[in-house]
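Per the working numbering, residue 99 is the first one in the sequence shown, and the count goes up by one each step.
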Amino acid sequence: MEKIDLKNLSLHELENLLFSFGKERYRTLQILRWLYQKGIQNIDQMTNLSKNLREELSRRAFISRLSLLQSEESKDGTKKFLFQLQDGGRIESVLIPDKKRLTLCISTQVGCAMGCRFCLTGKMGFKRDLTLSEILNQILGVKETLSSEESITNIVLMGMGEPLANYQNTIKAIELMTHPEALNFSYRRVTLSTVGLLPELEKLAKEKIRFRLAISLNASDEKTRDHLMPINRRYPLREILRVCRNFPLHRRDRITFEYVLIEGENDSVREAKKLVKLLKGIPSKVNLIPLNEAPEIPYKRPSEEKVRRFQEILMEGGLTAIVRKSKGADISAACGQLQGKERGERFDRILEIL
Ligand code: SF4
């Protein structure tokens, strides 16, 4: 019988496993603490479980981890981690310090099928979904490298891949990230960023778990978005915004709209004004991200003047608009770059920092 990876089990699945051993619910919580708070590597280290239960568990299950192949630190403190998967695939996570925050950007897929034209991860194509344990082990793997004074404060699911294309594992991962006995992040510190896959977005609105939602928008009309993000032809902007308008938000919560500014494509005054109209009535904030240029991308970053003008128009229109800087440029910290370098190519994904 193939052994079960304990970190591949949702809370409910772990409960069912223990139930099959005739064990009580509180045992599940004890195991969660060992796995996600203490970060143990071996079932035998779960010393508050009986010897019998540990032996039974060891026969049926194991604790996985990712092997860290490489990490690099940039001058601004941004760190990039390249992890090796069991099947030889590689994924990366980026740790971004910003004042009091230490944000970890994690991947949900190997590659990505969305093909956004300004993103080189998109050019890599799609390899496969990450398992639940591969998503969570990025957090645990990075945690292991931190000093006792450091701790990850925020998680953003916006590394390689489209999280909603790996729906079940993404939802289970967020549940464990925010569970008080597991990784215990406040839901306000976990952000899921999506291009807006409509059926999944609608399903997401009905989920019980809480998190912050970010939509990768990048255009204020269908034609421009069709061009920059081919997925828009299937799931158009107006439909995504309709779902956003009805998305159940708690008081003080807002949806983040990410907007990569690309010279001559989506950065005009007219487009800024259209964006103001488009987002009217949605509790939102806009993150403006001037494009991270790369030789393989046929686009340019707008001038600072243009970026400032775009931001001013949004603010005059009553929106909260923040200009985000790319970090870690000297270590290719934009998602996809480290992996690309390993393969002798240069992949360069825009790092969208919340
Ligand atoms: S921007 Fe995000 S969704 Fe689009 S291709 Fe890149 S990784 Fe995929």
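All C-beta atoms, glycine included, are put in the ideal place defined by N, C-alpha and C.
- Of all C-beta pairs linking the region 123-136 to the region 162-182, fewer than three are shorter than 8 Å, placing the two stretches out of contact.
- The C-alpha of ARG158 is placed about 45 Å away from the C-alpha of LYS173.
- Given a length threshold of 4 residues, each whole run of the alpha helix (DSSP H) inside the region 152-228 is given here in chain order: 218-222.
- Scanning LEU315, ARG422, GLU402 for the CA closest to the CA of LYS372 turns up LEU315.
- Put simply, of VAL374, ILE353, ARG399 the residue whose alpha carbon is nearest the alpha carbon of GLY362 is ARG399.
- Straight-line spacing of the CA atoms in LEU218 and ARG352 works out to 29 Å.
- Residue ranges of uninterrupted beta strand (DSSP E) with 3 or more members, entirely inside the region 347-415 and ordered along the chain, are 353-359, 382-388.
- When secondary structure is reduced to three states using DSSP, THR251 falls in the coil class, being assigned neither helix nor strand.
- Closest in C-alpha terms to ILE411, from the list LEU244, VAL384, PRO393, GLU391, comes VAL384.
- Under the criterion of beta carbons closer than 8 Å, ASP103 and SER156 do not qualify as touching, at roughly 13 Å.
- Taking C-beta atoms under 8 Å as the contact rule, GLU190 and MET144 fail to qualify, at a distance of about 31 Å.
- In this structure, the alpha-carbon of ALA392 lies about 20 Å from that of VAL421.
- Here ILE102 carries a strand assignment [DSSP, helix/strand/coil].
- Annotation: LEU295 to ARG308 spans about 18 Å, alpha carbon to alpha carbon.
- The Cβ neighbour count for ALA312, taken over all protein chains shown within 10 Å, is at least 16; the residue is labelled buried.
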